[in-house]
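*Asks:* Here the sequence shown stands for residues -19 to -1, 1 to 275, numbered as in mature numbering (1 follows the signal peptide of the UniProt record, and there is no 0).
Ideal placement from N, C-alpha and C gives every residue a C-beta, glycine not left out.
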Amino acid sequence: MLLCIYVFKITFLPFILYSAEWRLCPTDSGIMNVFDRKINFDALLKFSHITPSTQQHLKKVYASFALCMFVAAAGAYVHVVTHFIQAGLLSALGSLGLMIWLMATPHSHETEQKRLGLLAGFAFLTGVGLGPALELCIAINPSILPTAFMGTAMIFTCFTLSALYARRRSYLFLGGILMSAMSLMLLSSLGNLFFGSIWLFQANLYLGLLVMCGFVLFDTQLIIEKAENGDKDYIWHCVDLFLDFVTLFRKLMIILAMNEKVSQPTTHPEMREWFLLGSAPVYTSNLKTCLYTV
């Protein structure tokens, strides 16, 4: 919550103060009425530094992102409720295969429907892959899921708006730092599968949460720059943001679940499950690495 308040201050407050027209309203006491002011809300929604064509591109990106969220929710529902499709090696390989297929298919008007289908399949299997973590959190406390989702949505929205309002290319310097941090997280996660250190596991979770917040900033501005340079592949750009959101949600969900479990006066017989679920973002990290190495 403190993180969201800080982002709100650096994102909205300057624009509110800039667009506000303060008026002195004399009263009997001669005190200025600070509540009598006009705020131009149109100025808050104006992105004059982004060209109209890029703004249209961003609308397509976020529309595809919304589609991915609905399809991923359906995939998670299939695993948790119906058990028709279970998360496992096949679903992980299927998700990776669909992403590679999507990446190898060139973007054009003729292939647009096909690529949207591949994107939907990728999102569905990604949602299925969230199933084990969802089931464990439901067993601990069902309120963890809406809390984690709302927290992720707030963080994602705040950092997205911060990237949109900021000067162009102002956050692109984060790319090298974030990729180095992700490589470190990947190695520590793989090593921790053998060492089983709870402290390293928790440090990886919190560091990963910060890294993915940085990726929201970086990916949003990178999409803008790609669109300004003629890259209008909104389907592939949607994959970046979708992976950011899913990884944020998974990490925040596990952090909340572990804090809830620690507060309960019980033992932790499922500690092995925590490590397995905590290592699941390694798969997402591999997908994220693929996006910047091809």
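1) Arg231 by DSSP, collapsed to three states: which one?
2) Between Trp217 and the ligand FMN, is there a pair consisting of the residue's CB and a ligand heavy atom that are separated by less than 7 angstroms?
3) Please report how far the alpha carbon of Ala238 lies from the alpha carbon of Ile121, in whole angstroms.
4) Leaving out five residues on either side along the sequence, give the residues of the same chain with a beta carbon under 7 angstroms from the beta carbon of Val59.
5) Can you give the Cα-Cα distance for Ala184 and Met234, rounded to whole angstroms?
6) For Thr133, which residues in the same chain have their Cβ closer than 6 angstroms to its Cβ, ignoring the five residues on either side in sequence?
7) The alpha helix (DSSP H) spanning Pro127 covers which residue range?
8) Assign Gly75 to one of two classes, buried (16 or more other C-beta atoms within 10 Å of its C-beta) or exposed (fewer than that).
9) Grab the span of the alpha helix (DSSP H) containing His38 for me, first residue to last.
10) Are Ile136 and Glu241 closer than 8 angstroms when you measure CB to CB?
11) Give the straight-line distance between the Cα atoms of Ala208 and Phe175, rounded to the nearest whole angstrom.
12) Is Gly177 close to chain D? Criterion is C-beta to C-beta, closer than 8 angstroms.
13) What residue range is occupied by the uninterrupted alpha helix (DSSP H) comprising Pro87?
14) Hey, Phe46 and Leu222 are a contact pair by Cβ (cut 8 angstroms); roughly how many whole angstroms apart?
15) For residue 276, name the three-state secondary structure that DSSP assigns.
*Replies:* In this structure, then:
1) In the three-state DSSP reduction, Arg231 falls in the helix class (H, G or I).
2) The ligand FMN is absent from the structure shown, which contains no ligands of any kind.
3) The alpha-carbon atoms of Ala238 and Ile121 are separated by roughly 7 angstroms.
4) Cβ within range, chain order: Phe65, Ile66 and Val109.
5) Distance between Ala184 and Met234, taken at the CA atoms: about 15 angstroms.
6) Taken in chain order, the residues that qualify are Leu229, Phe230 and Leu233.
7) DSSP places Pro127 in the uninterrupted alpha helix (DSSP H) bounded by Ile125 to Tyr146.
8) Counting the other CB atoms within 10 Å of its CB gives Gly75 a total of 16 or more, which places it among the buried residues.
9) Residues Pro33 to Tyr58.
10) Pairing Ile136 with Glu241 gives a Cβ-Cβ distance that is not under 8 angstroms.
11) The straight-line gap separating the alpha-carbon atoms of Ala208 and Phe175 is approximately 43 angstroms.
12) Among the protein chains of the structure shown there is no chain D, as only one such chain exists.
13) Per DSSP, Pro87 lies in no alpha helix (DSSP H) segment and is marked neither H nor E.
14) Right, their Cβ atoms sit about 5 angstroms apart.
15) In the structure displayed, the chain extends from -19 to 275; residue 276 sits before or after that span and is not available.
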